[in-house]
Structures are given as C-alpha cells and as structure tokens.
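2 protein chains.
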Amino acid sequence: MTATETAILDIALAGIGKIARDQHIPAIAADPGLGLAATVSRSGGIEGVENHATMEALLAARPDIAAVSLCMPPQVRFEAAAAALRAGRHVMLEKPPGATVTEVLRLRDLAASQGVTLFATWHSRQAAGVATAKSFLAGKAIRRVRIDWKEDVRHWHPGQDWIWEPGGLGVFDPGINALSILTEILPAPVHVTAAELTFPENRAQPIAADLRFAGADGLVVEAEFDWRQTGPQTWDILAETDVGSLRLSDGGARLAIDGTAQEVAGSGEYPGLYRRFAGLIAAGQSDVDVAPLLHVADAFLTGRRNLTEPFHD
Amino acid sequence: MTATETAILDIALAGIGKIARDQHIPAIAADPGLGLAATVSRSGGIEGVENHATMEALLAARPDIAAVSLCMPPQVRFEAAAAALRAGRHVMLEKPPGATVTEVLRLRDLAASQGVTLFATWHSRQAAGVATAKSFLAGKAIRRVRIDWKEDVRHWHPGQDWIWEPGGLGVFDPGINALSILTEILPAPVHVTAAELTFPENRAQPIAADLRFAGADGLVVEAEFDWRQTGPQTWDILAETDVGSLRLSDGGARLAIDGTAQEVAGSGEYPGLYRRFAGLIAAGQSDVDVAPLLHVADAFLTGRRNLTEPFHD
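If you read the protein sequences in the order shown, they are chains A and B.
Read in the numbering used here, the first sequence has 34 at position 34, and its numbers run on one by one without any break.
Numbering-wise, the numbering used here comes out as the position in the second sequence, counting from 1, plus 1000.
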C-alpha cells in the first residue's frame, strides 16, 4: 500500500471468507486511497488487522471508521448492514445484497434517512466488456438474447453449505451475475415469463435453472444456468440486434461484435467496485438496484420445480 | 342500474370466471356511475352483454370503451394489460396483479408513459375494519402481529387448476389478502426473515405456509396460512401495541380494540374498488403497490420447502 498525504478512506471488512480473501482484501490493498482498518469475523480475521467478533463491537470500538463493506452470506447480512447504517456508516454490500428483495429496499430507505451511502454491488457489471456492450445495444432493436452460465460448483464453492440453504440462491448465486449484466446492458426492462428450477433431492436450492424473459417489441431472452459443468466453464451472453450481434464471454471480460474481438479496458471488477464506493461516498449518493435479485425472486415465485439426483460436495 | 343524466364510465370486463360473476359484475351493476359495456372471454361471456374472444378484438372493435378491468388468472394477465395500456385504456387488475413482480412494475411504467390510470387492486384493503385499524396503529409502538388465515380450498377454489400451477400462488392466493391488509395498516415496512412452505407431492404450489417478518424496533410478525381448514374459517389479524391491541377478523370486516367490537362502516370490498378506480381515472392518477406480491416472492425466494400428502380436488 502506498502512503500518501491525501486522506485515506478507512474501511472495515465484515465476513472474512473466500470472497473476502480472494477479492476484497487485495482490491482494498491495491487502492492507495483506501485502508483496511479492521475486520469483523467470529472465526478470526486476518493477520495484522484489528478484528472484532461482531458488527456491534466494531461500531462501538471504532467510531472513526466511516465505511463498512459486508461480504458475509446474504442470510445474515441485513442485521449487520442495518446496525452500520443506524450508526451513521456508509455501507457496501457484496452480491446478492440480501436474502430478500424487501430487506434491501428497507436498507435503501434507512441509508437515505441517515444521509449515508449504500452501495449494493454487482461485481460483474465492472467486467471489462460491459460498458462497451451497453453502448453498442443503446438505441438498437434487440431481437434475442441468449445466456449460458455453466460452471462447476465443486470448484467455485467448495464446502460452502450456506449456498445450498434457503436464501443461498443455489445456481442463482453465479446466475445473478449474468442477470446483473443483462439488466445493465439492456436499454429497457424484461420480465420472467417461464422458469424451470432443478433441485437436487437433498438440497434446498437449485443446481440448474432455465429461464425465459420477455421484453419490449418481441424481445425474448433465454438463460441457462447450470452448476454441473466440469471441464471448460461457460459464462457467455449473446445478443442479436437488427444491425449486428455481440458476444460477451468470460463473464463479461471479453467482447466480440459481429465476431470481431473488441479492445476493452478494465482494472478488475473489485478494484472498480471500491473506486465506485469511494466515489459514491464523496458525492453523497447511493446505488441500490434490486432488479437482478427481483428477477431471481420472480423465477422462484413463478418457476416450475423439478427434482434431480442428490448432490454431495 | 339507475339511469342518470351524468356520464357513465363504460367498463369492459376481461376473464369471466368465478370472481367476475361473484364480485365484479354485481359491483359494476350496483354503481350508477358505471356501465358494463362488454366482456372478453374465450368461453363465452354473460347474457345480454357484448362479448369478444380476445383483448385485441375488444380493443379494435370498441375504441369508445375507456376502461378495462382484468380478472383472468395472473399467468395470462400481463399481455392483456399491456395491450390495453398501449391502446390508451385505463386498466384495473384483480389481485395478485401479475405472475411476477417485475411485470407489474413494467405495467406501471407503461401506464405512466401512456398517461393512463393503472390500478393494481387489493380488495381486502377495502374491508370495513381496515381504515380504522390503520388509524389506531399510526404512531403506536407495535410489538407483535399474528396472522391466521385458514380456509378450505375445496370450498373457495373448486376445480381452479390454475391456482396450483406455477404463478398461481397456491395458499398465497388467499394469504396475499392478509399481506395486503398488513402492509396497509402497518406504519413502516417489514421483511420476511423465515418461511416454511408446504407443498402437496402432486402440486406445484404450496397448500400451507408459515412466515416470520421483522420490522422496526423489534416488531415481529408471524403468519400462518393453511388451505386445509374445514369447519369454521379463520381470517384474523391480531396486533399488540404499547397501548392496547386490535383484532381484525372475518378478513378485515370486523374490528375489535382491546376486546371491544368497533363500529365500522363499509359498502363492500368490490364496490369500493370500482369507486376508487373511477376516482383515480378522474384524478389522472395510478395506484400500483407491489409490496404484498413482493413479500410472497421473498417467501418463495428464501423459504424452506416441505412436502406433504397429495392433494386431490
């Protein structure tokens, strides 16, 4: 970390699991404007950083820390976020922003009444190809969108039991990344018209999902999410318009238009999120878009459930 | 129907099933300001009223009909509602307003862009005791709310297969009436923190649901919905505050405060809805509150699913 004369934004990080270690801690460390001032973790934090067992303990001990980033599982995020907002802290939420849509709307209202920033992040929207894809689609007639989001759950979520529990979203945990890109790049909203959710017999959350959406002027979006893909992994979005097509691949990191790879620049998803968080705080703004989570809730609400063979980690 | 010299608001009614015959047609007939000008039904309308097989046919044949009321099943309501709004007609939606939350938000935006009225109705909010209950709770510290909504599905929904299909909501079809009252009378929002949904082995929708919500200042709401209750039916909401308790019973028709029955006046739920629809049109306003449907979506999203014995009509 570079020491500078300008003010450093102190951040406390709550929930020290895989995503914190893989993404949040390196992103904070790489940003000269940010400092990791403390962690919140019941099971111990990281070496050399002050740790508190609970959010309440952190808030009481460190009134000087203005911003808190939460990456514990969504099922337990609301209480911690609400406590931080009530204590006047700015809050950043890992995706999905909560276990329910309504709790996120309550947090948004609480942040507004407290005059602090709430940032419900969607890290895939920071992928290198997304902004250019959005510009390409603006003003065009989009005929069809096809999403394939297929990965190996054993590789990406080893032993993460919370993801299979109610509120853990199952295959929608990665799938919501695709939906966060979709809702970012489309010029107008779509809604779920059909959903098939496939649950392992021994699990509370789906391991696969097929979705269909309808949009304006006959647009149809089809999405296939599957957690059983071994070998090469697939995170692709294809959009066909009246004047050409685009393909986002590698989760949005690569973009091709009419088959030609485009130059895209990006400094990484999580560095981008933290830069935006700091910018929102400086501007006194919030960014809380529940659309991706609402699509998942709609899919659960209206979807047909199928059972498949048990899943063992 | 009384003939008057003042302008009659012509209404077309789409979806001529049980709720249309039991509630909508009598309510329109009883209101001297309204006239049932046409129906839309594939299976035939009602005697003496012009019928069209599709919404498109109605809209083409009768540009003079300014308002359309939709009471077909929610799974097929979006397309009809969107067509009517695009044709510049005012639209009233039976509850639930759609099969997904997002489609209702899209209709709300479409109505706004077309400059017409959209009224997503919640008939239970028109029950006689609701307004007084809301006034009683305003400004009080509410400690606990208990909802029991238990009825016999065979009596209330005989042979209605759509209610068991994806998007049909199952026991949430009546339960959402309780949630529409809850969200009307509480001074601040709550969110689902736990849900247990019980599905018959042979059905896609739940026959029972236990919900728990959290609100501000420690408020807990518990709700029990069950479609297997024979004998006396139960539609009760009990709220305990720091200065007394209230009980809404008979689905909101009766109200007691601290055990004493209150005088409540009401002209009936559906007559109230149609009066409000006419008032919204006259004022150039819409009324689209998705909160009850969002709570159901949240319950599906975060709920634990249990299986129970098959249900046969």
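Every residue, glycine too, gets a C-beta built ideally from N, C-alpha and C.
- DSSP places Pro1174 (chain B) in the uninterrupted alpha helix (DSSP H) bounded by Phe1172 to Ile1185.
- Minimum Cα-Cα distance from Ser124 (chain A) among the listed residues A:Asp210, A:Arg254, A:Thr302 and A:Ala61 corresponds to A:Arg254.
- Take the alpha-carbon of Ala1027 (chain B) and the one of Asp1289 (chain B): they are about 22 angstroms apart.
- DSSP lists B:Phe1225 and B:Trp1235 as the bridge partner or partners of Trp1149 (chain B).
- Gly251 (chain A) counts as buried, since no fewer than 16 other beta carbons sit within 10 angstroms of its beta carbon.
- Looking at the DSSP output, Glu196 (chain A) bridges to A:Asp210 and A:Arg304.
- For Gly1272 (chain B), the three-state secondary structure derived from DSSP is helix.
- Neighbours of Pro1292 (chain B) across chain A, judged by C-beta separation under 8 angstroms, do not exist; the nearest C-beta is about 11 angstroms away.
- Comparing C-alpha distances from Asp1258 (chain B) to each of B:Gly1170, B:Val1296, B:Ala1133 and B:Ala1188 shows the shortest one belongs to B:Ala1133.
- If you check the CB distance, Pro166 (chain A) and Gly1303 (chain B) come in under 7 angstroms.
- If you draw a straight line from the Cα of Gly45 (chain A) to the Cα of Leu1137 (chain B), it is about 44 angstroms long.
- In this structure, Pro206 (chain A) lies near Thr198 (chain A), with their beta-carbon atoms less than 7 angstroms apart.
- Around the beta carbon of Arg42 (chain A), a 10 Å sphere encloses fewer than 16 other beta carbons of the protein chains shown; the residue is thus reported as exposed.
- Distance from the CA of Leu280 (chain A) to the CA of Gly170 (chain A), rounded to the nearest whole angstrom, comes to 31 angstroms.
- Less than 7 angstroms divides the Cβ of Thr102 (chain A) from the Cβ of Asp1298 (chain B).
- Interface annotation, Arg106 (chain A): in contact with chain B, CB-CB separation under 7 angstroms.
- Classified as exposed, Arg86 (chain A) has fewer than 16 neighbouring CB atoms from the shown chains inside 10 Å of its CB.
- At a cut-off of 7 angstroms between C-beta atoms, Phe172 (chain A) does not count as an interface residue with respect to chain B.
- Within the same chain, Gly1098 and Glu1103 come within 6 angstroms of Phe1078 (chain B) by CB-CB distance, once the 5 residues on both sides are set aside.
- Apart from sequence neighbours up to five positions away, the residues of its chain that approach Trp1227 (chain B) with a beta-carbon distance below 7 angstroms are Glu1151, Val1153, Val1171, Ile1207 and Ala1208, ordered along the chain.
- If one requires a minimum length of 4 residues, the alpha helix (DSSP H) runs lying completely within the segment 67–94 of chain A are 77–86, in chain order.
- Counting along the chain, no alpha helix (DSSP H) covers Val40 (chain A); the unbroken beta strand (DSSP E) around it starts and ends at Leu34 to Val40.
- In the structure shown, Gly1252 (chain B) adopts helical secondary structure according to DSSP, grouped into three states.
- For the segment 293–309 of chain A, the residues whose beta carbon sits under 9 angstroms from a beta carbon of chain B are, in order, Leu293, Leu294, His295, Val296, Ala297, Asp298, Ala299, Phe300, Leu301, Thr302, Gly303, Arg304 and Arg305.
- Following the DSSP letters along the chain, one finds Ala12 (chain A) inside the beta strand (DSSP E) bounded by residues Leu9 to Ala14.
- Using a Cβ-Cβ cut-off of 7 angstroms, Gly167 (chain A) counts as an interface residue toward chain B, since at least one Cβ of chain B sits closer than that to its own.
- In the DSSP secondary-structure assignment, Ser1113 (chain B) is not bridged to any residue.
- Thr1234 (chain B) has its alpha-carbon roughly 45 angstroms from the corresponding atom of Leu59 (chain A).
- Taking 7 angstroms as the CB threshold, His123 (chain A) stays off the interface with chain B.
- Short of 7 angstroms from the beta carbon of His52 (chain A), and not among the five residues preceding or following it, lie these beta carbons of its own chain, in chain order: Ala38, Val40, Leu58 and Ala61.
- Leu1307 (chain B) sits exposed, since fewer than 16 C-beta atoms from the chains shown fall within 10 Å of its C-beta.
- Look at Glu50 (chain A) here: in three-state DSSP terms it is coil, with no helix or strand label.
- Thr1054 (chain B) does not reach chain A, its nearest Cβ partner there being about 18 angstroms away, counting only Cβ pairs nearer than 7 angstroms.
- Here Asn202 (chain A) is exposed: its Cβ has fewer than 16 other Cβ atoms, across all protein chains shown, within 10 Å.
- Ranked by how close their Cα comes to the Cα of Leu1294 (chain B), the residues A:Leu105, A:Leu273 and A:Glu56 have A:Leu105 in first place.
- Buried is the label assigned to Ser180 (chain A), since at least 16 other Cβ atoms lie within 10 Å of its Cβ.
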